[in-house]
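Respectively, the protein sequence lines represent chains L and W. Residue numbering for the first sequence follows my numbering, starting at 8 and increasing by one per position. Residue numbering for the second sequence follows my numbering, starting at 68 and increasing by one per position. Note that beta-carbon positions come from the ideal geometry of N, C-alpha and C, so glycine has one too. Bear in mind that the values here come from a model prediction, so they are computed numbers and not experimental data.
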Amino acid sequence: SQQGEEDPQALSIQEGENATMNCSYKTSINNLQWYRQNSGRGLVHLILIRSNEREKHSGRLRVTLDTSKKSSSLLITASRAADTASYFCATDAGSNYKLTFGKGTLLTVNP
Amino acid sequence: DGGITQSPKYLFRKEGQNVTLSCEQNLNHDAMYWYRQDPGQGLRLIYYSQIVNDFQKGDIAEGYSVSREKKESFPLTVTSAQKNPTAFYLCASSANRGGNQPQHFGDGTRLSIL
């Protein structure tokens, strides 16, 4: 079963708007990662947040983690058409060797 | 440029045929992974390797085999025992094992049945 589940499954916004995607997971984690995948390409790592961190920033990206609710959110500010992609969260669930990926959120940014 | 190279980009398999997908990295990473991605789905782990000459089954290893004879290379063979091989296959690597390491991905191989 999937450890991480992204919500919504699909999101369509206009250029310049902010996009928020959520990830919920079931068991305790050490780390949570966010990845982007452009159509037909491999995944690209965006941000890693540790379980003792609550928020991280990278450029226009902001990730929050709430371990009490077992959830994380990815905020993309001032979106661009080039941000159109699928976004996945991945958790380690303390396994020490592997990541478990959710099914992703498909973000479409309309020019 | 450092990275991961997967080949071929597209591959077709006939019934009863084994096919091998190539994955090469020049990042000097110890750990390498193979994932399968079906439409609208997340990634599922097939095999992973933490070090040369060692590899472990992931969640969906049946019908697949791997080898890790060199640090740079981690080829995946899709055998005839894999009855539903049509999927997008992604290879990844990380500096070492563990969920605290970012994974670097190749651009995938799309496998279809003839």
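Q) Would you call the stretch 94 to 114 of chain W and the stretch 126 to 133 of chain W touching, i.e. three or more CB-CB distances under 8 Å? A) Segments in contact, yes.
Q | Cβ of Gln149 of chain W within 9 Å of any chain L Cβ | A | Counted from its first residue, the second sequence places residue 149 of chain W at position 82. It does not: the Cβ of Gln149 of chain W has no partner Cβ on chain L nearer than 9 Å.
Q | Own chain residues within Cβ distance below 8 Å of Asn57 of chain W, not counting five before or after | A | Summary: the structure shown does not reach residue 57 of chain W, with chain W confined to residues 68 through 181, and so no result is reported for it.
Q.
Determine, for Gln92 of chain W, whether the minimum Cβ-Cβ distance to residues of chain L falls below 9 Å.
A. Here residue 92 of chain W refers to the residue found at position 25 of the second sequence. Answer no: the Cβ-Cβ gap between Gln92 of chain W and chain L never drops below 9 Å.
(Q) Between which two residues does the beta strand (DSSP E) holding Ser147 of chain W run? (A) By one-based count along the second sequence, residue 147 of chain W stands at place 80. Element bounds for Ser147 of chain W: n/a, residue is neither H nor E.
Q: For the beta strand (DSSP E) holding Phe95 of chain L, just list the boundary residues, first then last.
A: Counting from one through the first sequence, the residue named residue 95 of chain L turns up at place 88. Looking at the DSSP string, the run of the beta strand (DSSP E) that includes Phe95 of chain L is 92 to 98.
Q) With a cut-off of 8 Å, do at least 3 Cβ pairs link the stretch 36 to 43 of chain L to the stretch 69 to 84 of chain W? A) no
Q: Between the Cα of Gln149 of chain W and those of W:Gly83, W:Asp121, W:Val119, W:Pro169, spot the shortest distance and give me the residue it belongs to.
A: Here the question's residue 149 of chain W lines up with position 82 in the second sequence. Considering only alpha carbons, the answer is W:Gly83.
Q: Buried or exposed for Gln170 of chain W, please, with buried defined as at least 16 other CB atoms from any protein chain shown within 10 angstroms of its CB.
A: Indexing the second sequence from 1 puts residue 170 of chain W at position 103. The residue is buried, with at least 16 neighbouring Cβ atoms inside 10 Å.
Q. Do Cys158 of chain W and Tyr77 of chain W have their C-beta atoms within less than 9 Å of each other?
A. Taking the second sequence and counting its residues from 1, one reaches residue 158 of chain W at position 91. Taking the second sequence and counting its residues from 1, one reaches residue 77 of chain W at position 10. Against a cut-off of 9 Å, the Cβ pair of Tyr77 of chain W and Cys158 of chain W comes out as no contact.
Q. Does any residue of chain C bring its CB to less than 9 Å from the CB of Pro142 of chain W?
A. Here the protein chains are L and W, and chain C is not one of them.
Q) Run through DSSP, which three-state label would Ala159 of chain W get? A) Counting from 1 along the second sequence, the entry for residue 159 of chain W is found at position 92. Strand, per DSSP.
Q: Could you confirm whether any beta carbon from chain L is found closer than 9 Å to the beta carbon of His96 of chain W?
A: Here residue 96 of chain W corresponds to residue number 29 of the second sequence, with the count starting at 1. False, the Cβ-Cβ gap to chain L never drops below 9 Å.
Q | Under the three-state DSSP convention, the category Ala89 of chain L falls into | A | By one-based count along the first sequence, residue 89 of chain L stands at place 82. In the structure shown, Ala89 of chain L sits in a helix (DSSP, three-state: H, G or I).
Q. Does any CB atom of chain W fall closer than 9 Å to the CB of Asp99 of chain L?
A. As a first step, residue 99 of chain L must be located in the first sequence, where it is residue number 92. True, the Cβ-Cβ gap to chain W drops below 9 Å.
Q.
Measuring only the C-alpha atoms, how far is Phe122 of chain W from Arg135 of chain W?
A. The count along the second sequence starts at 1 and reaches residue 122 of chain W at position 55. The count along the second sequence starts at 1 and reaches residue 135 of chain W at position 68. The straight-line gap from Cα to Cα measures roughly 7 Å.
**Q.** Neighbourhood of Ser8 of chain L by C-beta, 6 Å cutoff - its chain only, sequence neighbours within 5 removed
**A.** As a working note, residue 8 of chain L is residue 1 in the first sequence. Per-residue confidence for Ser8 of chain L stands at a pLDDT of 46, beneath the threshold of 50, marking its modelled position as unreliable; no derived number is given.
(Q) Am I right that Glu13 of chain L and Asn29 of chain L are in contact with their C-beta atoms under 8 Å? What's the rounded C-beta distance? (A) Here residue 13 of chain L refers to the residue found at position 6 when the first sequence is read from its first residue. Here residue 29 of chain L refers to the residue found at position 22 when the first sequence is read from its first residue. Going by Cβ atoms, the distance from Glu13 of chain L to Asn29 of chain L rounds to 7 Å, so yes, they are a contact pair.
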